[in-house]
Amino acid sequence: MALDCDAELMLRVKDGDGASFALLLEKYRASVIHFLYRMVQDQPVSEELAQEVFLRVYRSRETYEPTAKFTTWLFRIATHLALNWLRDGKSERGQERLDETVEDAPSREVADRTPSVEHQMVQQVKLEEVRRAVAALPAKQRAAVLMHKYEEMEYSQIAKVLSCSESAVKSLLFRAYETLRVRLAHMA
Amino acid sequence: MNCPIKTEENKEWLLDYAAGRLDGERAVAVKRHVEACHECARFVDAQQVVWNALSQWEPQAVSDDFDRRLYRAIEARPVSWVDRVLGPLQPLLRPVVPLAAACLLIVAGVMLHTPQVAVNPGDSQARVEKIEPEQVERTLDDIEMLRELALQPAQEEKASKPL
Chain Z
0 MALDCDAELM LRVKDGDGAS FALLLEKYRA SVIHFLYRMV QDQPVSEELA QEVFLRVYRS
60 RETYEPTAKF TTWLFRIATH LALNWLRDGK SERGQERLDE TVEDAPSREV ADRTPSVEHQ
120 MVQQVKLEEV RRAVAALPAK QRAAVLMHKY EEMEYSQIAK VLSCSESAVK SLLFRAYETL
180 RVRLAHMA
Chain R
0 MNCPIKTEEN KEWLLDYAAG RLDGERAVAV KRHVEACHEC ARFVDAQQVV WNALSQWEPQ
60 AVSDDFDRRL YRAIEARPVS WVDRVLGPLQ PLLRPVVPLA AACLLIVAGV MLHTPQVAVN
120 PGDSQARVEK IEPEQVERTL DDIEMLRELA LQPAQEEKAS KPL
């Protein structure tokens, strides 16, 4: 099996090359944090979980075997941590945050550089609706959608991350998108 | 091509088409079908709404000190000696763990199902009360007899020794 370049970097980390770990961190820091943020919808928690992900990657360097793509392994760790966090009911605080008023939500950059107040508010409301719709999905469906949409993963890779069959992933995605189509239909 | 919605075949092509991720001949085939199939066209339109809505969700920026915190955690939590010793053996130990767990379960099961003699304090008391004085006397006689038997060989040995 031909090794992907990330797996090669990880094998160098296994050999004690700290610079290769720094490269992997640089490459995947944002995507792991963003994935976790969209899963748990809490910025400090997503960074804490991401710290744990990279810590586990580093700690497992000696036993690392490139049996799958590096990103599959990486996102399997991230998904596992996020699902555990959600399962343990630690998301209650996050849900409270979702219930906060739109004005309380942190400001985000929008495409228009000089947006009117009205436009900004409309954007915030839309964003809030998207967040709520995603948060309402069952955790596994949510993970599948996030990997499909934002990480642009193939169905086969999502299946490996979630340890299920490809057809199960397609089924998860169809159910999730069906829910989202209903909830976000008015955004057309 | 067959209608993905009606036949439930390759439904994911519609998702990929709506996301603009379908290439080549497949994309052309789906496009042609969607243009002709009202149901699939509606599905693709609705899916594109979801796709665009999700695209608006930009995550927040990562904290500047993320790496510093990570490296500090790496240094602060050195690998325990157990991990150091067992780490390289993990692939070998992995199949042993369920086996050991199964053995433990069997041992626990056997211990739980072994009939145990119930100690009833009332029984022992009753037995003590049943001991008759004759029985005690007989036991004392037996002890005396055993002592004499033990002394006899020693006396015989002493008598047989030359002066």
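Protein sequence lines, in the order shown, are assigned to chains Z and R. Using numbering that gives the first Met the number 0, read the first sequence as starting at 0 and increasing by one per residue. Using numbering that gives the first Met the number 0, read the second sequence as starting at 0 and increasing by one per residue. Beta carbons: idealized from backbone N, C-alpha and C, even for Gly.
Contact with chain R by residue i, beta-carbon distance below 7 Å
| i | result |
| --- | --- |
| GLU127/Z | no |
| LYS148/Z | yes |
| GLN123/Z | no |
| GLN156/Z | no |
| GLU46/Z | yes |
| ALA104/Z | Only weak support exists for where ALA104/Z lies, its pLDDT of 45 falling under 50; the value from the coordinates is given anyway. Not one chain R Cβ lies under 7 Å of ALA104/Z. |
| TYR63/Z | no |
| LEU73/Z | no |
| LEU136/Z | no |
| ARG131/Z | no |
| ALA6/Z | no |
| LEU179/Z | yes |
| ALA18/Z | no |
| ALA143/Z | no |
7 Å Cβ cutoff, residue i in contact with chain Z
| i | result |
| --- | --- |
| LEU69/R | yes |
| GLU38/R | no |
| ALA72/R | yes |
| VAL49/R | yes |
| LEU53/R | yes |
| ALA45/R | yes |
Helix, strand or coil at residue i according to DSSP, with G and I counted as helix
| i | result |
| --- | --- |
| ALA60/R | coil |
| LEU126/Z | helix |
| LYS148/Z | helix |
| GLU24/R | helix |
| LEU0/R | Note that residue 0/R is Met in the sequence shown here, rather than Leu. Looking at MET0/R - three-state DSSP - the assignment turns out to be coil, as it is neither helix nor strand. |
| LYS68/Z | coil |
| TYR63/Z | coil |
| ALA107/R | helix |
| GLU11/R | helix |
| PRO97/R | helix |
| GLN47/R | helix |
| ASP5/Z | helix |
| ASP140/R | helix |
| ASP66/R | helix |
| THR113/R | coil |
| SER115/Z | coil |
| CYS39/R | helix |
| PRO43/Z | helix |
| GLU165/Z | helix |
| ALA49/Z | helix |
| GLN55/R | coil |
| GLY244/Z | Nothing in the structure corresponds to residue 244/Z, since chain Z is present only between 0 and 187. |
| ARG182/Z | helix |
| LEU204/Z | Shown here, chain Z extends from 0 to 187; a query on residue 204/Z therefore has no answer. |
| LEU136/Z | coil |
Where residue i meets chain Z, residues with beta-carbon distance less than 7 Å
| i | result |
| --- | --- |
| ASP66/R | LEU24 |
| GLU11/R | TYR154, LYS169 |
| PRO3/R | Neighbours of PRO3/R on chain Z: none; closest Cβ ~11 Å, over 7 Å. |
| PRO58/R | HIS33, TYR36, ARG37 |
Partners in chain R for residue i, counting only beta-carbon separations shorter than 7 Å
| i | result |
| --- | --- |
| PHE69/Z | Those within 7 Å of PHE69/Z in chain R number zero; the least Cβ separation is about 18 Å. |
| TYR57/Z | ILE73 |
| ALA187/Z | VAL48 |
Proximal chain Z residues relative to residue i, where beta-carbon distance stays under 8 Å
| i | result |
| --- | --- |
| ALA101/R | The contacting residues do not exist; ALA101/R stays about 23 Å from chain Z at best. |
| VAL61/R | ARG28, ALA29, ILE32, GLU46 |
Residue i: contacting residues in chain R (beta-carbon distance under 9 Å)
| i | result |
| --- | --- |
| GLN40/Z | Within 9 Å Cβ-Cβ: nothing; GLN40/Z doesn't reach chain R, min ~10 Å. |
| GLN140/Z | Simply none; closest approach about 13 Å. |
| LEU54/Z | LEU69, ALA72, ILE73, ARG76 |
Contact list for residue i against chain R, beta-carbon separation under 8 Å
| i | result |
| --- | --- |
| HIS190/Z | With chain Z covering only 0 through 187, there is no way to say anything about residue 190/Z. |
| LEU183/Z | VAL48, VAL49, ALA52 |
| MET9/Z | Neighbours of MET9/Z on chain R: none; closest Cβ ~15 Å, over 8 Å. |
| LEU2/Z | Residues of chain R passing the Cβ test: none, with the nearest at roughly 19 Å. |
Proximal chain Z residues relative to residue i, where beta-carbon distance stays under 9 Å
| i | result |
| --- | --- |
| LEU14/R | HIS147, LYS169, LEU172, PHE173, TYR176 |
Exercise. Would you say the region 48 to 65 of chain Z touches the region 75 to 82 of chain Z, given that touching needs at least three Cβ pairs under 8 Å?
Worked result: Taking a contact to require three or more Cβ pairs closer than 8 Å, the region 48 to 65 of chain Z and the region 75 to 82 of chain Z qualify as touching.
Problem set entry | Three or more C-beta pairs below 8 Å linking the region 5 to 25 of chain Z and the region 53 to 65 of chain Z | By the Cβ rule, the region 5 to 25 of chain Z counts as touching the region 53 to 65 of chain Z, because three or more pairs are nearer than 8 Å.
Problem set entry | the region 144 to 159 of chain Z in contact with the region 167 to 177 of chain Z per 3-pair CB rule at 8 Å | Yes, the region 144 to 159 of chain Z is in contact with the region 167 to 177 of chain Z.
For this session: Examine the Cβ distances between the region 52 to 71 of chain R and the region 34 to 43 of chain R and report whether three or more of them are shorter than 8 Å.
Result: Contact between the region 52 to 71 of chain R and the region 34 to 43 of chain R is absent: fewer than 3 CB-CB pairs across the two stretches fall below 8 Å.
Exercise. Taking contact to mean at least 3 C-beta pairs separated by less than 8 Å, is the region 34 to 46 of chain Z in contact with the region 141 to 149 of chain Z?
Worked result: With the cut-off at 8 Å, the region 34 to 46 of chain Z and the region 141 to 149 of chain Z touch.
For this session: Say whether the region 120 to 133 of chain Z touches the region 177 to 187 of chain Z, bearing in mind that this needs 3 or more beta-carbon pairs closer than 8 Å, one atom from each stretch.
Result: Taking 8 Å as the limit for Cβ pairs, the verdict is that the region 177 to 187 of chain Z does touch the region 120 to 133 of chain Z.
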